[in-house]
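Rendered as structure tokens:
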């Protein structure tokens, strides 16, 4: 126990194990399955979402392996069967990763765990609804699993066992009509119903977060004293609530089309397949920001904490999140430059798409400015954050040639697009997710991880990632189309490099997983505040008690860290009321009051 | 509406101890009430966007094919639509009254109002069932049950073209009855003149002309093919006189039944109302192939709306049981208030569906 006599420090960061924390509060499987504690719900999401990540990753490795050579590698004597199998690989990779991993990853895991803590609240606004969202996620995932198991069984038994309506999925994760409604023999209905249900999980989570942020902020925390992670989560929630219902109705129409042949999207029956694309991208482009905005929030926290410096341009970062969320609704047409929409429409969409670059760049510049003059601590989360800045910059800038109509026409549906969005989805979002996971891991489980192993894992991941996808930029600009199982031999060198990179990337992920699991089981006990951050979740014990805070923490500038003084590795940072007033002009001055 | 209770709570300090309905993570009942309300409004926003997708599909297809909507809406009876509109509006009124009763601690009145609202839902769904049954009988169910769908396989012992003829004849017949004009079947239904493969009829296409010659044209057309019938339709379209094959575009013309011919040539103007009843034969071939999209959209919209009404009725039962258990007081009536909001939204969506689907001119 520290010697400081403020009520916060008395309860906030004692180093003795708390008598009762949320992990030990209630035992047995039912105390988890029926919990309405946001922290436990966050952990349950983590188990399922990370399992999905693993499954999606298996398909990524499988499809990259098939691409090692231009011919049919998996079933050499039956090329057509190989190509069919490949279609299932890339579709399931995309569908599982998008709907079951990337979209829920940061909001449902980190958001659920951290958001009420950051608000100094006891729970989210609607705890029961939160549990319901989790079970809706599990139900949606079960539909997807049915498709997966059906496909696997069918392949494994050579077509002898076929689950009804469950033979894999080969439409691409976008379910484009009319292929998905008329031609495909795969489990489109089960998969779209799965995505439909998963969407409701996402909607309800977003609704919960919006209500929590509006109504549960403690006294003294006005909008511009909120941690930037919450701004990002709030912007994300806006998109989840406003865009996902459109996906729901689209998938419902798609299902009705496929089962009843209602002909809304089928030209043979009077429908319009391009309408499907408009509907789909009206959701799925904003969904890209559902994926990346929470990552921005995590990175804002990491950069300022590990620079030991007040975040630069707080308001710009906060507002840019909302700006991206709103602009994100107006750019869906840039997915459809080759779909026959009018030139004027394309030009307008192109222009608005460019404007998304402005708030994105605002964020990157503010992070850089935060780093400048900071005292940079290269802990594992910070390594991920620095990798993020580089990778997101590449991912963002390669979006511009795709937003330009003239250069998009040749690049459309090539590996250039694949590389671009993987730089944003994996290079940015997954790096931010892992950085955030490392950052909050001590808070979640009260255990410290091995920083050196963490750093090595991050760097291997970084190298593997770049090897995988830089080569895809090159082959894409040379004209290699995406989603093809076979290719002319001159592309083989790039595919081989890319596949080797994918293997390296997997090793980096396994190191991260092993390190975190090792910490969970055998890690050194974590202090209440190992990083010296001032957001409220660090004002309580690690792991937090069932009710989050023994004593309500006082709210201040979330990025004014000068009161926190490092004692030792065991004690972490503790509040020192006698700490000198900040001398650097960056400290505590740029937040609106 | 609830501000009085709100304010009462806002000043209420913790001293009295927390009421049972206050969840542990809220400080005051007022905070909890406002949060719940915000959550409900956010949920309603998602509902609006979900229906928004359907309204968007509706707008696109109506803009692209206005004639399709002009003809197809004849299958809907505005009388039933109006009945349902009145029923839902009345049930919204009883719902609002119920919220007021809950706020004033009038448990009996609340139960009455919830029951009336529930009954409003029952009447609405019954009317909907009557309407759906008529669609089923007219071969107008969505998808492959719709005789206007290119993939229609025939039903109830009728071949696709027979069923289609029945659909067209009945839809136009009922529309004429409703508009007060003489029914099509009176002149065409019993004609039973066998059609020939090449039969093509000239039809006056000018929209707003109160066509005095149409009667004569009908007679000519009903008895024998005219000279113009030998001409390819497209050539004639170019010079303004639309000649439309009464077959279904790409379907075989051999089995076009006579009833359809007769009704098909009725290019009528209702002299009382003064608006033109679009007939099937006036439609362009492309429009004919699009007709079924109207019914797909109609069923998706009203079906999704109907599911929402059913959910609302379930909520009324839930509220009724809780009210019977005496769980609502002037201090705690949030569930009644929130379900009320939901019910009003369901009502509001119908207010848009009714004119968009039933009242097309």
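Chains as they are written, first to last, in the numbering used here: chain A, 1 to 593; chain B, 1001 to 1361.
We put the CB at the ideal spot given by N, CA and C, even for glycine.
Being a predicted model, the structure only gives us computed values, none of them experimental.
- Here the region 1068 to 1087 of chain B makes no contact with the region 1318 to 1325 of chain B; the two share fewer than three CB pairs at distances below 8 angstroms.
- For the C-beta of residue 242 of chain A, the chain B residues within less than 9 angstroms are, from N- to C-terminus, 1045, 1046, 1049.
- Taking C-beta atoms as the reference points, residue 1113 of chain B and residue 1094 of chain B count as a pair closer than 9 angstroms.
- For the pair residue 1035 of chain B and residue 418 of chain A, the Cα-to-Cα distance works out to about 42 angstroms.
- The beta carbon of residue 1105 of chain B sits closer than 8 angstroms to the beta carbons of 1329, 1330 from its chain, once the five residues preceding and following it are set aside; these are given in chain order.
- For residue 573 of chain A, the enclosing beta strand (DSSP E) stretches over residues 572 to 575.
- Uninterrupted alpha helix (DSSP H) stretches at least 4 residues long and entirely within the region 276 to 345 of chain A occur at 314 to 327, given in chain order.
- Beta-bridge annotation (DSSP): residue 1155 of chain B is paired with B/1158.
- Around residue 338 of chain A, the same chain offers 412 as residues with beta carbons nearer than 6 angstroms, after the five sequence neighbours per side are excluded.
- Spanning the alpha carbons of residue 381 of chain A and residue 315 of chain A requires a straight line of approximately 24 angstroms.
- Residue pairing by DSSP places residue 565 of chain A opposite A/574 in a beta bridge.
- In this structure, the alpha-carbon of residue 211 of chain A lies about 22 angstroms from that of residue 283 of chain A.
- Looking at A/490, A/456, A/403, A/289, the one whose alpha-carbon comes closest to that of residue 329 of chain A is A/289.
- DSSP places residue 1332 of chain B in the strand class (E or B) of the three-state scheme.
- Bounds of any alpha helix (DSSP H) do not take in residue 225 of chain A, whose DSSP letter is neither H nor E.
- Using a Cβ-Cβ cut-off of 9 angstroms, residue 1304 of chain B counts as an interface residue toward chain A, since at least one Cβ of chain A sits closer than that to its own.
- Sequence-distant Cβ neighbours of residue 91 of chain A in its own chain, meaning closer than 7 angstroms and more than five residues away, are 169, 170, 171, 172, 173.
- Within its own chain, the residues whose Cβ lies closer than 6 angstroms to the Cβ of residue 529 of chain A, once the five positions on either side in sequence are excluded, are 13, 538, 572, 573, listed in chain order.
- Residue 548 of chain A and residue 185 of chain A do not touch by the CB rule: their CB atoms are close to 51 angstroms apart, not below 8 angstroms.
- Going by DSSP, residue 175 of chain A is part of no alpha helix (DSSP H) at all; its letter is neither H nor E.
- The alpha-carbon separation between residue 370 of chain A and residue 325 of chain A amounts to approximately 23 angstroms.
- Non-local beta-carbon contacts of residue 494 of chain A in its own chain, meaning distances under 7 angstroms to residues more than five positions away in sequence, involve 471, 474, 475 in chain order.
- Here residue 379 of chain A carries a coil assignment [DSSP, helix/strand/coil].
- If you look at residue 1289 of chain B, you'll find it in the alpha helix (DSSP H) that goes 1285 to 1324.
- Collapsing the DSSP output to three states places residue 414 of chain A in a strand.
- Within chain A, the residues whose beta carbon sits less than 7 angstroms from that of residue 1293 of chain B are 263, 264, 270, 271, listed in sequence order.
- In terms of CA proximity to residue 557 of chain A, A/222 leads the group A/395, A/332, A/198, A/222.
- Ranking A/423, A/149, A/437, A/478 by CA distance to the CA of residue 299 of chain A puts A/437 first.
- In the three-state reduction of the DSSP assignment, residue 1146 of chain B falls in the strand class.
- Residue 1034 of chain B has a beta carbon lying within less than 9 angstroms of a beta carbon in chain A.
- Proximity of chain B to residue 122 of chain A at the Cβ level (cut-off 8 angstroms) is accounted for by 1024, 1025, in chain order.
- Within its own chain, the residues whose Cβ lies closer than 7 angstroms to the Cβ of residue 44 of chain A, once the five positions on either side in sequence are excluded, are 32, 134, listed in chain order.
- In this structure residue 1063 of chain B is exposed. Its beta-carbon is surrounded by fewer than 16 other beta-carbon atoms within 10 angstroms.
- Under the DSSP definition of a beta bridge, residue 524 of chain A partners with A/448.
- Here residue 70 of chain A is near residue 488 of chain A, since their CB atoms are less than 9 angstroms apart.
- Apart from the 5 residues on each side of it in sequence, residue 462 of chain A sits with its Cβ closer than 6 angstroms to the Cβ of 387 in its chain, given in chain order.
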